[in-house]
Structure formats: C-alpha cells, structure tokens
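So the structure is just underneath, and the comments pick up after that.
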Amino acid sequence: MEPAEHGPDDGLVDLIIRQAAESGSLAALFSALCERLLQIGLPVWRTSLSMRAIDPIVTASSLYWHRDKGLGEPVRFGLADRPAYERSPIAHVLDNGLPAARWRIEAGEGCARFPLLAELRATGGTDYLMRIVGFAGQVALPGIALSIASDRPGGFTLAEIRRMDRMLPALGLACHRFALEGTLADVLSVYLGPRTAGRVLAGEIMRGTGRRITAAILLADLRGFTALSAQADPMKVVGWLNEHLEAMGTPIDAAGGEILKFTGDGLLAVFTADDDGAEAAACARALAAAEAMLAATATLNHARCQAGLPQLGLGVVLHHGEVVYGNVGAARRLDFTAMGPAVNEASRLEKLCGRLGRELLLSGAFAVHCTRPLRRIGAFRLRGVNAPIEVLEPEVPRARERGDAPGPLETD
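Just so we're on the same page, this note's numbering is the position in the sequence shown counted from 1, plus 47.
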C-alpha cells in the first residue's frame with residue numbers, strides 16, 4: 048500500500064463518517080461512496096466490499112457495485128463456495144498476510160492464476176486494487192477487503208491510488224460499526240430466534256419483563272433418544288440429533304413459527320397471530336408445520352433404515368392459549384421464553400403421544416381454532432391440571448394406532 052499523504056479535500060472521509068452516523072445500512076454507505084468516487088473524477092468501474100460472517104451456514108458476505116449497474120444485492124458465501132474462494136485474489140492477499148495488492152490486468156497480470164481477473168480483463172478491465180483494513184482486537188471479524196477495478200486504459204495513477212487510500216481508515220471504522228451491529232443481530236437470531244432477538248435488541252433484557260400473548264403452542268419430542276444416548280458413541284448421537292432437529296425446525300421456520308428453545312431431544316415453538324382474531328391462521332400454520340415435521344422425520348428414518356442406522360420416532364402436541372413471553376432466570380443469565388399454564392399443559396399432553404400410539408395430538412383449545420376435520424380421542428385428566436382436557440387428532444391419523452381407542456375419560 049502506498050503511504051498516505053495529505054492532499055486536496057475530496058469529501059470522501061466526511062461522506063463516510065456522515066453515512067456511518069445517519070445511514071441504516073452498510074449497503075447505502077457503500078453505494079454513496081462509490082458514486083462519490085466517480086463524481087470526483089476517479090476512473091472506478093467495479094468495486095466490492097467483503098467481510099467475514101459469524102453464522103452457522105454463511106462464512107462471508109460481499110457487496111458489489113458496478114458503474115453501469117449500481118449496487119447489486121448482497122451475496123453470501125458458504126462452505127460450498129470454498130473452492131472458488133481459494134482461487135480468488137482476496138484469498139491470496141489474506142493467506143499471505145498482505146495489506147494490499149495490485150494487478151495490472153490490462154497487461155495480463157494475475158489473469159492466469161485468478162479466474163476473476165481473467166473475467167474482468169475479458170470484459171474491459173485494466174487495473175485491479177485490493178486493500179485489507181483490519182479491525183483491532185477482533186478475532187472472528189478480522190476486517191474488510193475492498194477491491195476497486197478500473198476499465199480506463201492504463202488504469203489508476205499513483206496519485207489516484209493515494210487519494211483512495213486516505214479514506215481507508217474511515218471506511219474501516221464505519222464497517223466496524225455495521226459489522227458489530229449485524230453480527231449481534233445475527234448471533235442473537237441464531238440462538239434466540241429472529242423475533243426474540245429483535246425484542247432483546249430493543250432493550251427488553253430486564254429479568255421479569257415480558258408480555259402476555261395468545262399463541263398456538265407446538266411441543267415436539269423424539270422417541271427413544273434417551274436409550275440411544277446410553278448405547279451409542281456420543282459424537283454420533285449428536286450428529287443424529289442435529290439431523291432430527293433440522294427436520295423438525297425447518298418446517299417451523301417455513302410456517303412462520305419461532306423456536307423458543309430446544310429441550311434436549313425436543314423443542315418448544317409458538318405461532319402468534321399477526322392480527323386480532325387471526326388465531327385460526329396461526330393454528331393452521333402450526334398444524335401444517337407439525338405435519339411437515341412428521342413427514343420429514345419419516346423420510347429421515349427411512350434413509351437411516353436403508354443405511355442400517357438407528358431411527359427415532361417423534362411425538363408432536365399442538366395447544367393454544369395465553370402465555371407470558373419474556374425474561375426469566377438469574378440476574379446475569381437469562382432465558383427469553385414462554386411460560387404459563389398453557390405451556391405446562393402442552394408438556395403434559397406430549398406424554399400422551401407414546402401412551403396412545405399417536406404421533407400428533409391436538410388439544411380441545413387448539414381444535415376450536417382449527418378448520419380441518421378432526422376426530423375426538425377422549426378427555427384426559429393430566430397431572431397438575433385441574434380440569435380434563437379434550438384430545439383430538441386430524442381425521443386421517445398420521446400414525447398407526449396401537450390398541451383400542453381410550454374411553455371417554457382417561458387419567459394420565
């Protein structure tokens with residue numbers, strides 16, 4: 048990197064600082080910056096801004112701007128993109144600990160080694176700059192990678208490169224701000240769910256705070272997991288459990304539900320009504336998710352059977368009622384979850400799945416809001432619940448029944 052030096056005030060640093068303070072997104076800042084580079088006469092043709100991500104499935108994200116197209120949609124990269132990354136200029140710079148690099152692609156520099164540079168040259172590119180701006184003290188978020196390409200014959204002059212280099216500290220500081228904000232939101236969303244993460248970020252972190260909501264409650268539990276855990280290799284068990292939880296969690300996300308917690312070998316999720324009187328829609332989404340979970344689990348078990356691996360059954364209960372949605376725990380270690388009698392009742396109902404040989408049970412409170420044809424199984428007294436609870440199932444049972452149907456009133 049050329050050493051920074053004082054020069055004419057081109058407004059780049061002021062623009063970056065103002066955008067960082069006032070803009071709601073890094074994309075808006077980056078677009079404004081690229082347009083400003085053009086306005087002050089720099090021959091900028093194509094730029095990119097890349098940062099590592101702290102995410103279970105995304106390893107990095109990039110913004111791309113083109114002089115003729117403007118800013119494109121953000122691009123996220125995962126492990127499947129690793130081979131392409133290893134053949135990129137950014138990998139070369141990072142792997143060799145370089146703060147900067149330049150390839151005069153008009154003369155063919157780097158084109159034989161890096162497919163991207165060959166592609167840019169073929170479409171008119173002449174010069175390609177790469178700059179790394181590190182974040183001090185950050186391990187998981189080491190910094191940003193900025194690329195700037197030109198299509199002007201001869202590329203950039205040294206004076207133009209110096210002008211762009213002077214803005215790098217301010218750009219790094221602005222990106223650091225957006226990176227921390229985005230990482231905080233992403234990590235909280237992964238561990239708490241997107242809606243709960245939003246509430247925590249909005250400041251709802253005091254113990255005892257919460258609100259009452261009416262929701263469809265989904266409680267699911269794997270069958271035979273405890274026995275399997277005692278017999279099999281723990282690392283293999285963890286892998287099998289993750290496969291099942293994926294089969295259970297994906298349909299919940301697709302149906303607009305939110306997983307509040309994983310309960311070892313099961314999970315608790317809620318489906319809230321978006322508007323007053325929308326309980327039927329929330330219950331329909333919960334039922335669709337439950338049936339999709341069971342179908343995905345059946346497909347997974349079939350593949351396991353074909354491979355000679357153990358299979359795990361699944362029991363799902365759907366309930367409806369008022370819950371308190373908020374913080375509970377110790378002063379410095381909180382859990383944001385749903386609590387209340389309706390959650391306890393759902394937990395008691397879940398125990399009936401194995402006993403009755405059913406995969407899916409619906410409470411009477413849930414059935415009131417359900418438009419699907421249902422079949423009554425019976426009324427049950429549940430431990431810790433005062434009144435008997437009606438239990439139903441979809442009219443076409445999803446699981447093979449075992450034994451005779453229970454009587455009109457059973458005790459659990």
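By construction, the Cβ of each residue, glycine as well, lies at the ideal position given by its N, Cα and C atoms.
Query	Result
What is the rounded straight-line gap between the Cα of ALA331 and the Cα of GLY425?	22 angstroms
For GLY368, I'd like the list of residues in its chain whose CB is within less than 6 angstroms of its CB, leaving aside the five on either flank, ordered along the chain.	ALA389 and ALA412
Is it buried or exposed for LEU163, if we count other Cβ within 10 angstroms and need 16 for buried?	buried
Using 10 angstroms around the beta-carbon of ALA354, count the other beta-carbons present and answer buried if the total reaches 16, otherwise exposed.	exposed
I'd like to check one pair, ARG395 with LEU429: are the Cβ atoms closer than 8 angstroms?	yes
Can you tell me the Cα-Cα spacing of GLU166 and THR94, whole angstroms?	14 angstroms
Could you tell me the distance, in whole angstroms, from the CA atom of ILE299 to the CA atom of GLY117?	36 angstroms
What are the partner residues of ASP174, as DSSP defines its beta bridges?	SER197
Would you mind giving the Cβ-Cβ distance between THR319 and ILE260, rounded to the nearest angstrom? I have them listed as a contact below 8 angstroms.	6 angstroms
Are the beta-carbon atoms belonging to ILE191 and MET340 less than 8 angstroms from one another?	no
For LEU76, I'd like the list of residues in its chain whose CB is within less than 8 angstroms of its CB, leaving aside the five on either flank, ordered along the chain.	ILE63, GLN66, ALA67, SER70, ALA221 and PHE225
Starting from the C-beta of SER109, find all residues in its chain whose C-beta is less than 6 angstroms away, skip the five residues before and the five after it, and write them out in chain order.	SER95, SER97 and VAL122
Going along the chain, which residues of its own chain have a beta-carbon closer than 8 angstroms to the beta-carbon of ARG199, five neighbours each way excluded?	PRO90, TRP92, THR173 and ASP174
Please report how far the alpha carbon of PRO216 lies from the alpha carbon of VAL180, in whole angstroms.	7 angstroms
Spatial neighbours of ARG419 within its chain, please: CB distance less than 7 angstroms, with the 5 preceding and 5 following residues excluded, ordered by chain position.	LEU334 and PRO441
Which residues bound the beta strand (DSSP E) around GLY360?	360 to 377
Count the other CB atoms, across all protein chains shown, that sit within 10 Å of the CB of PRO136; report buried if there are 16 or more and exposed otherwise.	buried
So, with DSSP's three-state summary, where would you put HIS139?	helix
In the DSSP output, what is MET98 paired with across the bridge?	SER108 and ILE191
Would you say the segment 273 to 284 touches the segment 292 to 306, given that touching needs at least three Cβ pairs under 8 angstroms?	no
Less than 8 angstroms between the C-beta atoms of GLU397 and ASP268, yes or no?	yes
DSSP three-state label for ASP212, please.	helix
Buried or exposed for LEU407, going by 16 or more other Cβ atoms inside 10 Å?	buried
Quick one: is MET177 buried, meaning 16 or more other Cβ sit within 10 Å of its Cβ, or exposed?	buried
Go through the segment 292 to 359 residue by residue and report every complete run of the alpha helix (DSSP H) that reaches 4 residues or more, in order.	326 to 353
DSSP on PHE225, reduced to helix/strand/coil?	helix
Hey, how far is the Cα of THR344 from the Cα of LEU288?	11 angstroms
Suppose the cutoff is 6 angstroms on Cβ atoms and the five residues either side in sequence are ignored; what does the same chain contact list for LYS283 look like?	none
What distance in whole Å lies between the Cβ atoms of VAL375 and ALA337, which are believed to be in contact at a cut-off of 8 angstroms?	So it is not a contact: roughly 26 angstroms between Cβ atoms.
Expressed to the nearest angstrom, what Euclidean distance is found between the alpha-carbon atoms of SER78 and ARG209?	21 angstroms
Check GLY119 in the structure and name its three-state DSSP category.	coil
How close, in whole Å, do the beta carbons of GLY202 and ARG151 come, if the pair is a contact with beta carbons under 8 angstroms?	6 angstroms
Under the rule that 16 or more other beta-carbon atoms within 10 Å means buried, what is GLU120, buried or exposed?	exposed
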